[in-house]
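Student: Here it is: the structure, laid out below.
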Amino acid sequence: MVNASERKYVESLFPAISEIKEKDLREKVANAWILAWKEGNYDKIEDISWCEWWSDKYSWSNVDHTNQVTSLAITVAKFAEETMGMKVNKDVLIAGAILHDLDKAVLCDGKTKKPTDWLKKMPHGSYSAYMALKVGLPLDVAHILASHTAFSVQRQKTVEALILHMVDYLTADLRNFKEGVEYMFSQQAPHYVELP
Ligand SMILES: [Fe+2]
Ligand SMILES: [Fe+2]
């Protein structure tokens, strides 16, 4: 399945993985990345683009984006705990942050850059949630992945999912400002379908 040197590779790409206190959770996060990468068609995880299908607009790597989102998520968790007196499960939040765009490994073919059926037929976040559960991560981690966009079917139901959703959009739009890309994710009005 996944060996120790493969897990070390993931840890080198996403250093915040070391901030997950529970060893079992750390290993499962690394396992998910390795399995998704092997299922995709990229030579290296760092070759995966944040947005392959709009590569004319967005050129940054998914690893960079993921580390930026994780860093901001940790900052906001600290704020929520220390300033607002809220309880945040940081293990779940960091695992969710590192895996929130896991499906970028399979949404496009790494060689042809063509969209796969995962992009054409399933909502963003589906594969990530499926893989998280497949490696045995808790439902609350899968929930973060499945609910992290404004077009997710399920609205964020936990503090950790809400933090991740907001910091993901803020990070993406800060990058858009920095690079002068006019499209702004924060203009997207969420249109959740409310489920019980
Ligand atoms: Fe995403
Ligand atoms: Fe993202």
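Counted the way the working numbering counts, the sequence shown spans residues 52 to 247. Think of the CB as a built atom: it goes at the ideal place given N, C-alpha and C, for glycine as much as any other residue.
1) Answer with buried or exposed for M52, where buried requires no fewer than 16 other C-beta atoms within 10 angstroms of its C-beta.
2) Whose C-beta lies closer than 7 Å to the C-beta of F97 among residues of the same chain, with five residues either side of it excluded?
3) Quick one, are the C-beta atoms of E103 and A81 less than 8 Å apart?
4) Consult DSSP for S203 and reduce its assignment to one of helix, strand or coil.
5) State yes or no: is the C-beta of K79 within less than 8 Å of the C-beta of G187?
6) With 16 as the cutoff for other CB atoms within 10 Å, does D142 come out buried or exposed?
7) Use the C-beta contact count for W105: other C-beta atoms within 10 angstroms, 16 or more gives buried, fewer gives exposed.
8) Determine the direct distance from the alpha carbon of K229 to that of D160, and round the result to whole angstroms.
9) Hey, would you say L153 sits closer than 8 Å to A197, going by beta carbons?
10) For a minimum of 4 consecutive residues, which ranges assigned as the alpha helix (DSSP H) are wholly contained in the segment 147–192?
11) Report back the beta-carbon spacing between Y109 and W101 to the nearest angstrom; my notes put them in contact at under 8 Å.
12) For S198, does the three-state DSSP call read helix, strand or coil?
13) With DSSP as the reference, label S69 as helix, strand or coil.
14) Excluding sequence positions up to five away, which residues of its chain have a Cβ less than 6 Å from the Cβ of E70?
Tutor: The answer reads as follows:
1) With fewer than 16 other Cβ atoms from the protein chains shown falling within 10 Å of its own Cβ, M52 counts as exposed.
2) It is Glu, not Phe, that sits at residue 97 in the sequence shown. Around E97: L64, S112 and V114.
3) no
4) coil
5) In this structure, G187 lies closer than 8 Å to K79 by Cβ.
6) buried
7) exposed
8) 28 Å
9) no
10) 155–158, 168–172 and 177–185
11) 6 Å
12) coil
13) helix
14) I145
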